[in-house]
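Visitor:
In this note's numbering, the protein residues as written are 162 to 373.
Take a look at the structure:
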């Protein structure tokens, strides 16, 4: 059980009661819906395109939420020692609880950073802490994010089959596949209600130097 991460059943999206219990206290937010992905190659999306202030705001709404209190009783489920790691103790909130964040927000931060890095010559990101520092540091951050996303995608391996159409342009993949997904707005609502601001904790949030 220790060290496991919640994931949908790869093909069917079925819930695993053991994994759901492992995710407590976050498991309470999970409500599922059947979703037909809308992901054709040229399909418009509010998250695609060249950067604009509106596009940047849409991406920030996906992930920019603060950390939350987590009781020490969850350390064994996370496969973590009460002593901390590498000689450093765990950060604490004002209440004395563990300072915790959700992986989904870090992963979306990472995807957003890769997107921003691609467009870094087309938009002014100088106010974003992720772009502070020299070029080597920024690139190291991007590399970290690429690796974080690789690890997560392999861990969550989605083996849902996708089909192909056959027409004048030959065989074309149809990425509008069917999935069962947790309602993301429920997760955001959960995070908003429990987020702890820097002013309260005296520490940075769950995204470290690039977080709230």
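The beta-carbon is built from N, C-alpha and C at its ideal position, and this holds for glycine as well.
Can you name the residues that DSSP bridges to residue 198?
Guide: Per DSSP, none; premise fails for residue 198.
Visitor: Is there a Cβ from chain D that is less than 8 Å from the Cβ of residue 301?
Guide: The structure shown has no chain D; it contains just one protein chain.
Visitor: Which residues bound the beta strand (DSSP E) around residue 261?
Guide: Run containing residue 261: 259-261, per the beta strand (DSSP E) assignment.
Visitor: How about residue 273 and residue 220: do their beta carbons lie closer than 8 Å?
Guide: Contact: yes.
Visitor: Are the CB atoms of residue 258 and residue 237 within a distance shorter than 8 Å?
Guide: No; because the gap between Cβ atoms is not below 8 Å, this pair is not in contact.
Visitor: Is it buried or exposed, residue 324, if we count other Cβ atoms within 10 angstroms and call 16 or more buried?
Guide: By the 10 Å Cβ count, residue 324 comes out exposed.
Visitor: Which whole-angstrom value describes the C-beta separation of residue 228 and residue 262, a residue pair presumed to lie in contact below a C-beta threshold of 8 Å?
Guide: Indeed they touch by this definition, with Cβ atoms about 5 Å apart.
Visitor: Does the beta-carbon of residue 345 have 16 or more other beta-carbons within 10 angstroms, so that it is buried, or is it exposed?
Guide: By the neighbour-count rule (16 or more Cβ atoms within 10 Å), residue 345 is not buried but exposed.
Visitor: Measuring only the C-alpha atoms, how far is residue 279 from residue 300?
Guide: Answer to the nearest angstrom: the Cα atoms are 11 Å apart.
Visitor: Which residues in the same chain have their Cβ closer than 8 Å to the Cβ of residue 196, if we skip the five residues on either side of it in sequence?
Guide: Around residue 196: 339, 340, 341 and 342.
Visitor: Just mark residue 353 as buried or exposed, buried being the case when its beta carbon has 16 or more other beta carbons within 10 Å.
Guide: Residue 353 should be labelled exposed.
Visitor: When you compare the CB positions of residue 191 and residue 337, do they come within less than 8 Å of one another, or not?
Guide: No. Outside cutoff.
Visitor: Please report how far the alpha carbon of residue 207 lies from the alpha carbon of residue 223, in whole angstroms.
Guide: Looking at the two C-alpha atoms, the distance is approximately 12 Å.
Visitor: Can you tell me whether DSSP reads residue 246 as helix, strand or coil?
Guide: DSSP places residue 246 in strand when its eight states are reduced to three.
Visitor: Kindly list the residues whose CB is nearer than 7 Å to the CB of residue 283, restricted to its own chain and excluding five residues on each side of it in sequence; keep chain order.
Guide: Correct list, in chain order: 211 and 212.
Visitor: If you count every other CB in all the chains shown that lies within 10 Å of the CB of residue 277, and 16 or more means buried, which is it?
Guide: So residue 277 ends up on the buried side.
Visitor: For residue 334, which of helix, strand or coil comes out of DSSP?
Guide: Correct three-state label for residue 334: strand.
Visitor: I'd like to confirm the pairing. Which residues does DSSP put opposite residue 193 in its beta bridges?
Guide: DSSP output for residue 193 lists 343 as bridge partner(s).
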